[in-house]
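*Asks:* Numbering (the numbering used here), first residue to last: 3 to 114.
Positions of the beta carbon are idealized from the N, C-alpha and C atoms, including for glycine.
These figures come from a predicted structure and were not determined experimentally.
Okay, handing you the structure first.
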């Protein structure tokens, strides 16, 4: 039984950031069409990326820069997302996850 008085309870570890988290942060400020125009992309580019579940490294970097986030971090995340699962990928994800702060969990759209 858990208790609010139990100081040994730990917060759940954060999950790795994804470029879809970055896109969600961007969409909190503007819609896809505005971002496409702002980044000099076709209207379809961000919709296609969203349907694929990942942004390209250059789009992720440009979007992060406009959101005043570290573009290098997001370029690396995007590059790792495109890689097949391997021991090397796992090692790199673990390495970067240790060096970067956790992202906040995305808002639950059912509560909005």
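Using the C-alpha atoms, what's the distance from residue 100 back to residue 54?
*Replies:* Spanning the two alpha carbons is a distance of roughly 27 Å.
*Asks:* What is the DSSP secondary structure of residue 5, reduced to helix, strand or coil?
*Replies:* Caution applies to residue 5, whose pLDDT of 47 falls short of 50 and renders its modelled position unreliable; the model cannot decide the point.
*Asks:* Taking contact to mean at least 3 C-beta pairs separated by less than 8 Å, is the stretch 45-54 in contact with the stretch 68-76?
*Replies:* In short, these stretches do not touch, since the Cβ pair count stays below three.
*Asks:* Under a Cβ-count criterion, where at least 16 other Cβ atoms within 10 Å of its own Cβ denotes burial, should residue 89 be classed as buried or exposed?
*Replies:* Looking at its Cβ environment, which holds fewer than 16 other Cβ atoms inside 10 Å, residue 89 is exposed.
*Asks:* Using only alpha-carbon positions, find the residue among 95, 65, 82 that is nearest to residue 31.
*Replies:* Residue 31 has its Cα closest to that of 65, out of 95, 65, 82.
*Asks:* Tell me which residue opens and which closes the alpha helix (DSSP H) that residue 46 is part of.
*Replies:* Unbroken alpha helix (DSSP H) run through residue 46: 45-54.
*Asks:* Going by CA-CA distance only, name the one from 17, 25, 102 that's closest to residue 63.
*Replies:* Measuring from the Cα of residue 63, the nearest candidate turns out to be 25.
*Asks:* Can you list, in chain order, the residues of its chain with a C-beta nearer than 8 Å to that of residue 69? Leave out the 5 residues immediately preceding and following it.
*Replies:* Counting only Cβ-Cβ distances below 8 Å, and skipping sequence neighbours, we find 24, 27, 28, 31.
*Asks:* Would you say residue 56 and residue 87 are within 9 Å of each other, going by their C-beta atoms?
*Replies:* No, Cβ-Cβ distance for residue 56 and residue 87 is not below 9 Å.
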